[in-house]
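Just so we're aligned: 264 in our numbering is position 260 of the sequence shown, and the numbers increase by one with no gaps anywhere.
Single-structure report; data block below.
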Amino acid sequence: MTSTQISTDQLTLTLNGSLRRIADLPPTTTLLEYLRQSGHVGTKEGCGDGDCGACTVAILGKDAQGQPQYQAVNSCLIPIGAVAGREVMTAEGIGNGQRPNGQLHPVQAAMMETGGSQCGYCTPGFIMSLFAAYYDGSLSDDICIEGNLCRCTGYLPIRKAAQRLVEASASLAATPEATLDDRFSADLAHKILDLPALSYTHSQQQFYRPTELSEALHLLQQHPDATLVAGATDLGLEMSWHRQHYPVLISLEAIQALQQIEQTDAAVELGAALPLSQIETRLRGVFPSLDEMLHWFAARQVRNRATIGGNIGTASPIGDLPPVLLALDASVKLVSATGERELLLADFFKGYRQTELKSGEIIYSVTIPKVITPGTAERLSQSYKIGKRGTDDISIVAAAFTVDLDAEQKILHARLGYGGVAATPIRAVAVEDMLVGQTWSLDTVRSVKPALQEIFKPLSDLRGSAAYRKLLVANLFEKFFVEMSAS
Ligand SMILES: Cc1cc2nc3c(=O)[nH]c(=O)nc-3n(C[C@H](O)[C@H](O)[C@H](O)COP(=O)(O)OP(=O)(O)OC[C@H]3O[C@@H](n4cnc5c(N)ncnc54)[C@H](O)[C@@H]3O)c2cc1C
Ligand code: FES
Ligand code: FES
């Protein structure tokens, strides 16, 4: 253990304003399990894998400016070790007993007035999504409840509740007096956000949360087989569903160096432990294809936790960001106690769930170049995700394209990145080569479609047949042409 690592036989967290000490649970117990075991049964379990939102709670995190902000998250995916030192709010904490004169919280009142709850099973989850959005001003869109499912009420009354809250939420942001009247927003200003270092052991599972990169690298040297954990939206599933035992977990979420965004004229470097919701807000407008894919990525509760490093580190063939990053020629920086190296993302994926990452290494950052091919008059870039439903679904095929054109519409540079069609996220390199030098036209696009249909050997599964995937590989490129021509 390193010098600044706090070793403790208990975890503490603040739940609905009260400090709780936990000494009798493995660090991989999910927050949901802890809540329900400790009598906070307002938070419900539906799916246990991040898909339904019944377990939504709000945790205190940082907004794009680094200020305190309530964030909706799925408690079924968060290991209890990850909420040590954090503030957690559940539906019980914002309700009757907690408000002066037994008032309902405005989000609860709105749901009641619009008839937004029938059986009530999903309601605490919706309430907590609305609660977080009420304070961060994102109620005006439906994205705040995209990760919550309701089986009986129907969404109209719930959306009406959200709309009813928009004005109150906006006046809260605009008027300091309103802020003082509301204890949750008044409280926000005084919150301390930096997570403390931690080393907690239970049931032969050690959970480390270093605050310095050097400590994390040192711990990795000591424990070469340790598992790195960032947002736990992938690993949390192993804990929640498969009761996976992790002898040593090293959490990356308290390391500030992994949360930076460095932007120059030449490139953007994104810290690997940046949650996707941060990238969504802080980088909006810089890379349109990234904006588009983030919009369709999971739902808000997941994006508040999921990181870019985790999306690459998991090396899933259906990860949605790798196709976008491949089409933008992104590179990854890997660090270890002995040095660092940078390689193109295209060279990072080695095989099914296999990467170039060696024992002792951490993904430090992802760099996306902004410099485009010399002579380019126009850059076309977009991404597409085909799933069974709009948001909160796994891709059948994801694709991202970048094409640089000169003033005569000649193709100077082409990148076609795909997910869901091979053992790894992959580029259609042979077709990229065929395109360079040709004129950007429907004829050109159609002339490479047969090659695109044959370039990959996708599998058939429950989501889609191999034949369907092959068609998508080719047709999405034509869609790209048509859309770019229309814009
Ligand atoms: C409901 C739900 C919906 C989802 N929807 C989508 C979707 O639409 N698109 C999609 O692509 N994915 C989706 N996912 C999967 C998941 O959210 C993403 O893969 C996410 O980016 C993982 O990031 P994380 O920080 O949570 O990773 P974690 O679960 O913390 O880690 C994942 C893996 O990466 C490794 N890792 C993490 N950080 C690093 C690092 N810095 N260096 C080295 N290794 C590291 C870990 O050791 C682990 O093996 C979804 C998941 C859920 C539960
Ligand atoms: S229980 Fe369904 S998202 Fe957590
Ligand atoms: S009110 Fe019954 S599931 Fe939503």
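Heads up, the beta-carbon is just placed ideally off N, CA and C, and yes, glycines get one too.
Per DSSP, reduced to three states, the secondary structure at Gln263 is helical. Where Ala95 is concerned, there is no enclosing beta strand (DSSP E), although the alpha helix (DSSP H) around it starts and stops at 95-98. C-alpha of Gly57 to C-alpha of Cys154: approximately 9 Å in a straight line. When DSSP assignments are scanned along the segment 109-174, the uninterrupted stretches of alpha helix (DSSP H) that are 4 or more residues long and fall wholly within it turn out to be 110-117, 127-140. Measuring C-alpha to C-alpha distances from Gly275 to each of Val336, Leu466, Gly65 identifies Val336 as the nearest.
The bridge partners DSSP lists for Pro373 are Ala271. Spanning the alpha carbons of Tyr472 and Ile459 requires a straight line of approximately 14 Å. In its chain, beyond the 5 residues on either side, Thr118, Gly119, Gly120 have a beta carbon closer than 7 Å to the beta carbon of Pro161. In the DSSP secondary-structure assignment, His206 is bridged to Gln209. In the three-state reduction of the DSSP assignment, Thr33 falls in the coil class, being assigned neither a helical nor a strand state. The C-alpha of Thr127 is placed about 15 Å away from the C-alpha of Met93. The beta carbons of Leu420 and Glu436 sit closer together than 8 Å.
In the structure shown, Val452 falls within a helical segment according to DSSP collapsed to helix, strand and coil. Annotation for His417: Ile376, Thr377, Thr380, Thr406, Val407, Asp408, Val440 place their beta carbon closer than 8 Å to its own, counting only its chain and skipping 5 residues before and after. The C-alpha of Thr179 is placed about 17 Å away from the C-alpha of Leu143. As summarised for the segment 301-347, the continuous beta strand (DSSP E) elements at least 3 residues long and confined to that stretch are 335-340, given in chain order. Exposure of Val486 is indicated by the presence of fewer than 16 other C-beta atoms within 10 angstroms of its C-beta.
Phe353 and His222 have their C-alpha atoms roughly 25 Å apart.
Per DSSP, the beta bridge partners of Phe405 are Gln386, Leu420. A check of alpha carbon separations from Trp245 across Val449, Gly54, Pro462 identifies Gly54 as the nearest. Leaving aside the five residues that flank Thr157 on each side, the residues in its chain whose CB is nearer than 7 Å to its CB run, in chain order, Gly120, Ser121, Gln122. Below 8 Å, enough C-beta pairs join the segment 264-274 and the segment 359-370 to call them touching: three or more. Taking a cut-off of 8 Å on C-beta distances, the segment 35-49 touches the segment 68-85, as three or more cross pairs fall below it. In the structure shown, the three-state DSSP call for Glu91 is strand.
At a cut-off of 7 Å, the beta-carbon of Thr127 counts as near ligand 3: some heavy atom of the ligand is closer than that. Per the Cβ contact rule, the segment 295-305 is not in contact with the segment 211-227 (fewer than 3 Cβ pairs under 8 Å).
Taking C-alpha positions only, Val61 is separated from Leu253 by approximately 23 Å.
Residue environment: Glu346 is assigned as exposed (fewer than 16 neighbouring CB atoms within 10 Å of its CB, all protein chains considered).
When rounded, the separation of the alpha-carbon atoms in Val77 and Asp28 is 24 Å.
Placement of the Cβ of Ala403 at a distance of 7 Å or more from every heavy atom of ligand 1 is found. DSSP places Asn479 in the uninterrupted alpha helix (DSSP H) bounded by 470-490.
With respect to the 8 Å criterion, Leu349 and Ala331 are not classified as neighbours on the basis of their beta carbons.
Remark: C-beta atoms of Ala402 and Asp324 approach each other more closely than 8 Å. For Ser464, same chain residues with a beta-carbon under 6 Å away, outside a window of 5 residues either side, are Ala470 in chain order. Lys453 and Val290 have their C-alpha atoms spaced approximately 29 Å apart.
Fewer than three Cβ pairs drawn from the segment 43-51 and the segment 200-217 lie within less than 8 Å of each other, which leaves the two stretches out of contact.
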